[in-house]
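Engineer: The structure follows.
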């Protein structure tokens with residue numbers, strides 16, 4: 359099939375003084391997966407939010423199935439057969455799969471009717487879930503699957519996916535694309551917003567690349583390769599080089615220590631280890647043990663047995679920016695004031711908070727019009743820069759990071775790495791969890807592998823880390 363499903367022409371969008379999109383066009387066909395690439399802040403999500411009726415363009419036109427359409431809201435897009443799965447999950451955890459699928463529909467909720475819709479999606483694509491399972495019991499891959507099922511159950515035949523593989527394992531990614539290909543083979547159209555070149559090269563049929571809000575490439579995947587796509591995404595500006603910091607810690611002072619620590623959620627043998635000032639301690643794990651340990655280390659949850667020694671001042675960058683690190687509707691100044699919330703008392707000095715937020719924006723090269731703009735107006739990469747800058751603003755003795763570069767492009771990730779190394783060089787102890795073994799090998803001084811028998815330490819080499827993970831049986 360080759361007929362156009364989604365046709366965007368000459369789309370421009372301006373936010374204040376920022377040109378988010380400048381004369382951008384994209385044509386996605388039926389029966390295909392169309393990759394939309396670009397650095398964080400390139401305008402990818404903005405363009406697709408316009409295609410889904412969430413934003414109105416300042417100029418340009420939209421056609422669905424070659425029919426011009428004026429999208430005043432997402433309801434108009436849904437009625438035209440366009441569905442969008444956002445980067446942040448929008449499910450209701452306490453509801454069942456069927457109840458979440460029914461949300462947004464009309465009339466009385468009929469479980470059997472909804473179950474038949476879910477079964478029909480499974481028949482067409484292979485995307486299958488038990489309608490009676492509660493979302494709170496689903497893993498990340500299953501929740502991502504449910505987001506897509508919910509869209510397809512409402513008869514969408516144009517599917518927009520915003521970074522759908524950000525929280526998935528390699529195995530889950532392979533399964534997801536098998537199911538997406540089945541949807542496309544049945545006449546569906548998929549627009550895949552991603553910064554992962556591997557996903558695009560392996561699975562897409564066509565590609566559009568944006569850079570700083572402008573169109574730089576529209577091509578068939580057969581006409582491009584990794585080198586040409588990288589050049590299109592980054593332009594002539596050289597990428598930030600991420601060289602490892604693997605020196606000796608500035609001071610051998612113990613900043614934090616666990617001695618026989620367990621928690622109710624952990625389900626593991628007691629953990630014992632020390633974190634030294636000025637080191638980057640990488641953490642690798644294949645189950646939830648790392649998340650629990652990191653939050654105990656960051657002082658966010660308590661332990662049930664053993665003893666811990668941690669500083670009173672700890673920086674923490676959680677994996678979920680929206681919801682745990684930022685309040686989207688709050689200004690950057692207000693979000694800065696949330697630092698160490700619950701541990702301060704007295705009147706907030708808003709002038710000082712505004713100055714501190716402005717300092718973070720400047721020092722960490724956050725693309726924002728000022729400290730007064732809402733956090734929701736920033737791209738994912740700029741949100742992450744701001745959160746990291748906020749947590750490092752006063753050089754905490756300990757900084758705990760959960761997948762801090764997840765969802766970031768090459769340059770943004772390298773910038774985060776550089777900031778981490780600089781903080782370690784000033785003496786901050788860094789505990790850095792990543793699901794990417796190459797990243798752990800690149801940035802760490804040593805790596806702690808958590809498994810069912812406790813913890814094991816290894817040199818920052820991918821093969822050594824991977825072998826310990828496999829030996830763990832996790």
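Residue numbers (the numbering used here): 359 to 832. Glycine residues also receive a C-beta, built at the ideal position from the N, C-alpha and C atoms.
(1) Let me know the alpha helix (DSSP H) ranges lying completely inside the segment 454 to 522, each 4 residues or longer, listed in chain order.
(2) Indicate the three-state DSSP secondary structure (helix, strand or coil) for residue 668 in the structure shown.
(3) Residue 448 to residue 611, Cα distance in whole Å?
(4) Would you mind sorting residue 498 into buried or exposed? The rule is 16 or more other CB atoms within 10 Å of its CB.
(5) Taking C-alpha atoms, which residue in 501, 542 and 494 lies nearest to residue 516?
(6) Can you list the alpha helix (DSSP H) stretches of 4 or more residues lying completely in the segment 685 to 751, in chain order?
(7) Below 8 Å on the Cβ atoms is my contact criterion, and I expect residue 756 with residue 668 to pass it. Report the Cβ-Cβ distance as a whole number of Å.
(8) If residue 801 and residue 640 are in contact, beta carbons under 8 Å, what's the gap, nearest whole angstrom?
(9) State buried or exposed for residue 422, treating a residue as buried only when at least 16 other CB atoms are found within 10 Å of its CB.
(10) Which residues in the same chain as residue 685 place their Cβ atom closer than 8 Å to its Cβ, once the five residues preceding and following it in sequence are excluded?
(11) Only counting the same chain, and skipping five residues up and downstream in sequence, which positions put a Cβ closer than 6 Å to that of residue 333?
(12) With contact counted as at least three CB pairs below 8 Å, one residue from each stretch, are the segment 669 to 679 and the segment 711 to 728 in contact?
(13) Does the distance from the CB of residue 390 to the CB of residue 530 come in under 8 Å?
(14) So, do the segment 787 to 794 and the segment 707 to 716 have three or more beta carbon pairs nearer to each other than 8 Å?
(15) Could you give the first and the last residue of the continuous alpha helix (DSSP H) run that contains residue 531?
(16) Only counting the same chain, and skipping five residues up and downstream in sequence, which positions put a Cβ closer than 7 Å to that of residue 494?
(17) Taking the CB atoms as reference points, tell me whether residue 459 and residue 475 lie closer together than 8 Å.
(18) For the segment 365 to 382 against the segment 537 to 553, are there 3 or more C-beta pairs whose distance is under 8 Å?
(19) Using C-beta distances below 7 Å, list every residue in its chain close to residue 402, excluding the 5 sequence neighbours before and after it, in chain order.
(20) Whole-angstrom Cβ separation of residue 410 and residue 518, contact assumed at under 8 Å?
(21) Would you call residue 743 buried or exposed, if buried means 16 or more other Cβ atoms sit within 10 Å of its Cβ?
(22) Just the C-alpha distance for residue 338 and residue 814, rounded to the nearest angstrom, thanks.
(23) With C-beta atoms as the reference, is residue 309 less than 8 Å away from residue 400?
(24) At the level of alpha carbons, what is the spacing between residue 826 and residue 807?
(25) Quick check on this structure: which residue in 579, 768 and 575 has the alpha carbon closest to the alpha carbon of residue 590?
Structural biologist: The relevant details are as follows:
(1) 455 to 460, 469 to 483 and 498 to 510
(2) coil
(3) 44 Å
(4) exposed
(5) 542
(6) 690 to 695, 708 to 721 and 738 to 750
(7) 7 Å
(8) 7 Å
(9) buried
(10) 692, 693, 696 and 733
(11) Residue 333 is absent from the structure shown; the chain starts at 359 and stops at 832.
(12) no
(13) no
(14) no
(15) 528 to 543
(16) 451 and 452
(17) yes
(18) no
(19) 394, 396, 551 and 568
(20) 6 Å
(21) buried
(22) Because the chain is modelled from 359 through 832, residue 338 falls outside the range shown and cannot be assessed.
(23) Residue 309 is absent from the model: the chain starts at 359 and stops at 832.
(24) 7 Å
(25) 575
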